[in-house]
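Residue 13 is where the sequence shown starts when you use our numbering, and the numbers rise one by one after that. Using N, Cα and C, we set each Cβ at its ideal position, and we do this for glycine too.
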Amino acid sequence: MTAILWLSLAAFCSAMSSRVADAQLPNLASEFSVSLGVASAVITCFAIAWGASQLFFGPLGDRFGKYVVVGWACVACAFTATLCGLAPSFPMLLGARLLAGATAAATIPLSMAWIGDVVPYERRQPVLARFLLGQIGGLSSGVMVGGLAADYLGWRAPFFGIALAFAALSVALLSMNRRLPERARQVRKAEGHAVRRMLAEFGHVLSSRWARVVLLTVFVEGAFVYGAFPFIASHLHRLHGVSLSKAGSLVMLFGLGGVLFATTSGMLVRRLGEVGLARWGGTILGAGMLLAALAPSWPWAIPGCLLAGLGFYMLHNTLQINATQMAPERRGAAVSAFSSCFLLGQSAGMALAGALVEGIGTTTVIAAGALGAVAVAMNFARLRARKLAAG
């Protein structure tokens with residue numbers, strides 16, 4: 013369990029790094045004299061790099077060991093987070109965020125794949141949900157810390173804090189790796205040229221029709237949910253006059269909804285099953301996002317963000333558990349492909365939302381994301397029910 017705790021903390025730091033700029037977008041736009049849509053590129057760059065780097069880290073984890081690769085990735089994350097904090101200009105910040113996304117890419121998917129290696133399938137979903145407490149906490153804390161920094165500390169401070177946390181975690185992870193039993197340090201002998209081997213890994217994953225369904229679903233989920241989510245803090249700030257620190261704290265309730273799911277996941281899995289989790293998760297997610305978007309005053313965002321977080325993790329955890337079983341003999345590549353599609357979907361959604369937000373407003377962007385998320389969830393629930401019925 014200690015080994016999973018360190019992985020969960022690495023997921024916390026990676027998730028915090030991915031969301032720490034959300035509540036700072038208005039300040040970044042002001043400091044660098046760019047529009048809110050242009051400033052959102054600091055999020056898009058991170059997501060693009062994270063998604064694309066999965067093509068590298070998945071096979072690397074299968075080849076050298078997933079746990080040790082996560083440890084060394086944390087070393088690199090400490091360096092790139094420092095670069096973000098030192099960036100003297102907006103283009104330099106974009107470059108640093110690109111590197112930060114690339115180095116953070118190993119942590120969450122390889123941790124999930126490692127759990128898939130050591131935890132039997134019938135026990136995996138609750139264990140995976142508890143591991144994801146780290147990621148959930150990082151996502152919500154990143155928005156809150158970013159908001160506090162925007163109001164009181166300056167936008168650079170959180171990046172230096174994240175760098176220190178990654179440095180400490182790298183020591184803990186690499187030390188733990190040396191104490192793991194042999195079965196928890198699985199590696200697979202490399203055969204053939206590296207590029208051909210990598211293409212073969214992902215080709216094997218994509219040969220499964222169900223894998224293609226899961227990957228396409230998580231891509232579209234990422235586009236709708238995280239194309240809209242980063243603008244919630246700015247929406248509350250602009251429309252309701254809420255300070256950035258308070259807006260960040262409100263959005264943090266999204267993570268609290270995730271914690272609620274993680275602590276009740278065993279009961280929810282037993283009562284609803286995968287199909288019910290996807291269907292109800294999408295419904296609750298959409299309702300929460302619509303409440304945050306259309307609320308006449310900011311207090312309505314409290315239940316809105318909480319419900320959105322609960323619904324999102326009900327849906328996303330169901331997709332994750334399917335991802336760990338898409339190709340068990342290539343689990344590192346499979347989960348990395350899943351994470352890649354999720355992050356590339358986020359990038360596409362953010363790019364589109366960033367281009368449209370000044371013209372159509374944050375209300376429309378968030379509402380469109382809510383409706384799209386519901387449609388994605390209902391379609392996946394239908395396909396999963398059909399697959400289970402077919403055996």
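A direct Cα-to-Cα measurement between W222 and V263 gives close to 34 Å.
The beta carbon of A53 is closer than 8 Å to those of L106, G366 in its chain, skipping five residues each way along the sequence. In terms of CA proximity to A27, S351 leads the group S351, R396, G373. Out of R291, W18, C25, A387, the CA that lies nearest to the CA of Q147 is found in C25. Following the DSSP letters along the chain, one finds L262 inside the alpha helix (DSSP H) bounded by residues 256-263. For G239, the enclosing alpha helix (DSSP H) starts and ends at 221-240. Rounded to whole angstroms, P121 and G113 show a C-alpha spacing of 13 Å. L303 and W312 have their C-alpha atoms spaced approximately 7 Å apart.
Counting along the chain, the unbroken alpha helix (DSSP H) around T330 starts and ends at 313-335. Per DSSP, the continuous alpha helix (DSSP H) segment holding A85 begins and ends at 78-98. Sequence-distant partners of C57 (beyond 5 residues in either direction) whose C-beta falls short of 7 Å from its own C-beta, in its chain, are L106, R109, L110, G113. Inter-residue distance for M390 and A290 is about 7 Å (C-alpha atoms, whole angstroms). Below 8 Å, too few C-beta pairs join the segment 68-81 and the segment 172-183 to call them touching: fewer than three. The residue from L284, C317, H247, S348 with its alpha-carbon nearest to that of M326 is L284. DSSP, reduced to helix, strand and coil, places S65 within a helical segment of the structure shown.
Residues W167 of the same chain have their beta carbon placed closer than 8 Å to that of E43, with the five preceding and five following residues left out of the count.
Assignment of M104 by DSSP, reduced to helix, strand and coil, places it in the helix class.
The alpha-carbon separation between A22 and T119 amounts to approximately 6 Å.
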